[in-house]
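Report on one structure; see the data block that follows.
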Amino acid sequence: MLKQKKKKLSLLPILGFFMMVIVGFLLILTYNDLIGYREELSEYANEHHQIVIRRHELYVDLLNDVTPGIDHSANRSIKNMINAIGEHDKYDATYFNMLQQLEDTMDEFREENFSKLNNQNLLDEFKENDEEYKQFIDGYNSMVKEYNRSLEGVLPGFISKMAGYNKMPQIN
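Quick note on numbering: the sequence shown equals residues 1 to 172 in my numbering.
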């Protein structure tokens, strides 16, 4: 009877070891998934920044078309926002708040000045860029939803806390 208990006791450390290996494997898989999402979001944010820069160039052209040769305060404001966004190295809530503020400024310009435009080609190019931007934002927001969903749960929640990953904001 004593020999049987020894056999059962000798299986527990082996079973415990395999359980630790499985949990470790799950931790690694979950962490790799989170890193993959963050890398994709970073690539999206970089692409978004390029689209925003192109939008700014179009706005400058549109401003110059409305009133040539005048340095508009809206233009300076947009340039300052673009520079601040370019210098901000993290894609966090502050970054996305700055982008939202930039979009609001551009929307104000659009409402005030689109009726005064003379260059139809420029206006068409802007509308095309605007559609591209909206499609991009939709794709980005769906990816953020998926990433934020991946942070839910016990294991991903634990890993995200340890790695310092937080939920990402969506772009409006």
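Even glycine gets a Cβ: it sits at the ideal position worked out from N, Cα and C.
- Residue state for MET106 is assigned as helix, using DSSP reduced to three classes.
- At a Cβ-Cβ threshold of 8 angstroms, LEU151 and TYR165 count as neighbours.
- Taking a contact to require three or more Cβ pairs closer than 8 angstroms, the stretch 156-163 and the stretch 26-40 qualify as touching.
- Per the Cβ contact rule, the stretch 49-67 is in contact with the stretch 121-134 (3 or more Cβ pairs under 8 angstroms).
- Considering only LEU41, LEU15, PHE25, the residue with the shortest C-alpha distance to MET168 is LEU41.
- LYS134 and SER160 have their C-alpha atoms spaced approximately 30 angstroms apart.
- A direct Cα-to-Cα measurement between ASP138 and GLU131 gives close to 11 angstroms.
- Cβ neighbours of MET81 within its own chain (closer than 8 angstroms, five residues either side excluded): MET98, GLN101, LEU102, THR105.
- In this structure, the alpha-carbon of PHE136 lies about 12 angstroms from that of GLN170.
- For the set GLY16, THR94, ARG55, the Cα lying nearest the Cα of ASP107 is the one of ARG55.
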